[in-house]
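Each step along the sequence shown adds one to the number in our numbering, with nothing skipped, and position 237 is 881. What follows is a set of notes on a single structure, which appears directly below.
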Amino acid sequence: MLKEKTIIQICIAVSVLFLPFAHLKVIILGIPLYSVEIPIVTALVVYLYGWWRGAFAPSTRIDVRNLLVLGAGLFFFGAALSFSLNPFSWTGLGMIKTWFVIPLIAVWLWLETKPDKREIELIVFVWLCVIGVVSLMSLGYLLQDILTFDGRLRAWYSSPNYLAFFVAPGIFFTHYFAFHPSVSGKKILQGFLLLTLLLLTMTLFLTHSYAVWASIAIAGCIFFFLDRAVFSWKKKGAIIFLFIAIVGIFIFFESGSEKWQAVSSLQERSSLSSRLMIWDVATKIISFHPLFGIGIGRFQEAYLSFQPYFPPYLEWAVPQPHNLYLALWLETGLVGLSGFVLLCTMWLKRLFTIQKSQSEDVSRRRLSALFISILSFSLLLGLIDTPFFKTDLAFIFWLLIALGTSLTEKQNNIE
645 MLKEKTIIQI CIAVSVLFLP FAHLKVIILG IPLYSVEIPI VTALVVYLYG
695 WWRGAFAPST RIDVRNLLVL GAGLFFFGAA LSFSLNPFSW TGLGMIKTWF
745 VIPLIAVWLW LETKPDKREI ELIVFVWLCV IGVVSLMSLG YLLQDILTFD
795 GRLRAWYSSP NYLAFFVAPG IFFTHYFAFH PSVSGKKILQ GFLLLTLLLL
845 TMTLFLTHSY AVWASIAIAG CIFFFLDRAV FSWKKKGAII FLFIAIVGIF
895 IFFESGSEKW QAVSSLQERS SLSSRLMIWD VATKIISFHP LFGIGIGRFQ
945 EAYLSFQPYF PPYLEWAVPQ PHNLYLALWL ETGLVGLSGF VLLCTMWLKR
995 LFTIQKSQSE DVSRRRLSAL FISILSFSLL LGLIDTPFFK TDLAFIFWLL
1045 IALGTSLTEK QNNIE
């Protein structure tokens, strides 16, 4: 019979498998549960049963003196406080449940299982397989000529940028596993990784998401410099040169596209011009609600109500301000934004400690480099997009926090 720990980890892996279908939900006792949430609720039931049997000791990891815990707590508290101080909505309450409560339970459950490096890598590999399947299915939309009006691939996602963000971590995962000892000499695995990388590259190119491309390039350089598997500077230089060459090829083929012309010529109705206007509006809204924000899920409403302060909008349907940090300030207030910054800072500090420690084995250093790079990618992309305020994107953020934290657990001293 499977132990509670194994069942909980399987449930979390199933949630990762359900990420492409995160928008699907069922109603249970009047409460909507998304597909990625159902395995977490199941895992919680298993955990409570294990606690009843004495297999777990709750609250052992909830210590506000730990700055990582404090950051996560402030992030959640800021969202709850902003929600409570603004007009009530069931939609906003559901967002808090889906973007904070359930994912935080998942983080806690994952840490309670005390995963080892192999179990962490298994979740990462499942994540890579999911991304590969999404990429393959997305290319099926290309074969059916199902594209946006400007010829970009978005598959079943709400926008090409959304698809690109979901697929992007796979680039880092393929590099990580390509240099993994268990892959060395195994042609089937090597072929799988090469095929996956080609699928991901094609998908990313067809989304024409410049922000994602640039963020991958910068975060990729961070990964290559940190990764001990390609330790020599000559190898790192060669890989970075190849990476830059690929980006150059992308730009060469993209230079004649309608989107490229709109961006490079700064046309009045380009996506950049639209973003600049949205950022102006978001800043104006913040000036009216600087401390507690406007409440989670209310940006579209506030954006429309502030139209009299500006010329006619270039874009009217704007659920988020296309900037992660503006969005966090607006929807979670200064408390939530401060918590997010503290959480990410302390998380990165812990992982960089692994990087600097000469006593750490290469495999743990490589994993820390992988996680640092993916969070760096998200934070960079956050300058011009909002890679959090969706069911799957929020789950991905907290999953990354959980995986990175579990890697540092043996250093679980109070910061």
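Beta carbons: idealized from backbone N, C-alpha and C, even for Gly.
Under 9 Å between C-beta atoms, does residue i make it to chain D?
i	result
leucine 1027	Looking for chain D here will not work: only one protein chain is present.
Considering only DSSP beta bridges, list what residue i is partnered with.
i	result
leucine 783	Partner(s): none; leucine 783 has no beta bridge.
Quick check on this structure: which residue in the options has the alpha carbon closest to the alpha carbon of residue i?
i	options	result
glycine 814	Val770, Gln788, Leu787 and Val827	Val770
glutamate 1053	Phe793, Pro952, Glu756 and Thr1035	Glu756
histidine 621	Glu763, Phe1033 and Ile888	This structure does not reach residue 621, given that the chain is present from 645 up to 1059, and the question cannot be answered.
arginine 942	Tyr693, Gly698, Ser733 and Phe721	Ser733
asparagine 710	Leu787, Trp754 and Arg994	Arg994
threonine 847	Pro825, Arg697 and Arg798	Arg798
isoleucine 672	Phe665, Glu681 and Ala666	Glu681
histidine 667	Ser679, Ser659 and Phe849	Ser679
phenylalanine 984	Pro664, Ala723 and Ile652	Ala723
alanine 716	Lys647, Ile930, Ile895 and Ser982	Ser982
valine 685	Phe700, Val658, Ala699 and Pro664	Val658
serine 917	Tyr957, Leu688, Leu843 and Phe744	Tyr957
leucine 786	Thr851, Asp760 and Met739	Thr851
isoleucine 775	Leu663, Pro676 and Leu677	Leu663
glutamine 951	Val660, Ser803 and Ile929	Ile929
valine 891	Cys773, Thr976, Phe849 and Ile656	Phe849
phenylalanine 996	Thr1049, Val962 and Thr1035	Thr1049
glycine 977	Leu772, Ala863, Leu677 and Ser728	Ser728
lysine 649	Gln944, Arg697, Tyr801 and Val962	Arg697
isoleucine 1040	Val979, Arg796 and Val768	Val768
serine 803	Gln964, Leu992 and Leu986	Gln964
leucine 661	Leu772, Leu718 and Leu677	Leu772
histidine 824	Lys761, Ser726, Gly784 and Ser1003	Lys761
leucine 677	Leu712, Gly738, Tyr693 and Ser1001	Gly738
tryptophan 991	Lys831, Asn805 and Leu1051	Leu1051
Counting only the same chain and skipping the five closest in sequence on each side, list residues whose C-beta sits under 8 Å from that of residue i.
i	result
tryptophan 999	Before going further, note that residue 999 is glutamine rather than tryptophan in the sequence given. So the qualifying residues of the chain are Leu870, Arg1009, Ser1012, Ala1013 and Ile1016.
leucine 1023	Leu968 and Cys988
aspartate 924	Phe954
alanine 1038	Thr742, Trp743, Phe744, Pro747 and Phe1032
glycine 835	none
glutamate 959	Ser918, Met921 and Ile922
valine 690	Glu648, Ile651, Ile652 and Cys655
Specify, as a first and last residue, the run of the alpha helix (DSSP H) that residue i falls within.
i	result
proline 676	Taken as a continuous stretch (DSSP letters only), proline 676 belongs to no alpha helix (DSSP H), being part of the beta strand (DSSP E) at 675 to 678.
isoleucine 862	854 to 870
asparagine 710	Neither: asparagine 710 is in no alpha helix (DSSP H) and is coded neither H nor E.
leucine 753	746 to 756
proline 804	804 to 811
tryptophan 696	681 to 697
leucine 839	831 to 851
tryptophan 800	Unbroken run through tryptophan 800: none, as it is neither H nor E.
tryptophan 734	734 to 740
tryptophan 923	915 to 932
leucine 661	648 to 661
glutamine 788	From DSSP, glutamine 788 is part of no alpha helix (DSSP H); its letter is neither H nor E.
phenylalanine 936	Here phenylalanine 936 belongs to no alpha helix (DSSP H), and DSSP marks it neither H nor E.
phenylalanine 943	943 to 949
Could you check where the beta strand (DSSP E) with residue i kicks off and where it finishes?
i	result
valine 827	Neither: valine 827 is in no beta strand (DSSP E) and is coded neither H nor E.
valine 670	669 to 672
Ordered along the chain, which non-local residues of its own chain (more than five positions away) have a Cβ less than 7 Å from that of residue i?
i	result
leucine 1044	Phe1015, Ile1018 and Leu1019
isoleucine 884	Cys865 and Phe868
asparagine 730	Ile938, Gly939 and Arg942
leucine 1025	Phe809, Ala855, Val856, Ser859 and Pro1031
isoleucine 1028	Ala855, Arg919, His966 and Asn967
phenylalanine 932	none
leucine 688	Ile749 and Leu753
tryptophan 973	Ile930, Gly937 and Leu981
threonine 735	Gly941
leucine 791	Leu797
alanine 699	Glu648
isoleucine 740	Ala723, Ala724, Phe727 and Ile940
Using a Cβ-Cβ cutoff of less than 6 Å, which residues in the same chain neighbour residue i once the five nearest sequence positions on both sides are dropped?
i	result
threonine 818	Leu837, Thr840 and Leu841
glutamine 1055	Confidence at glutamine 1055 is low in this model, with a pLDDT of 47, below 50, so its placement is unreliable and the value that follows should be read with caution. There are no such residues.
phenylalanine 1021	Ser859 and Ala863
phenylalanine 665	Ser679
Problem - 4 or more residues per run - each alpha helix (DSSP H) lying fully within the region 1028 to 1058 - result: 1035 to 1051
Exercise for the section: Any chance you could list the alpha helix (DSSP H) runs of at least 4 consecutive residues sitting entirely within the region 951 to 1039, in chain order? Expected result: 968 to 1000 and 1006 to 1025
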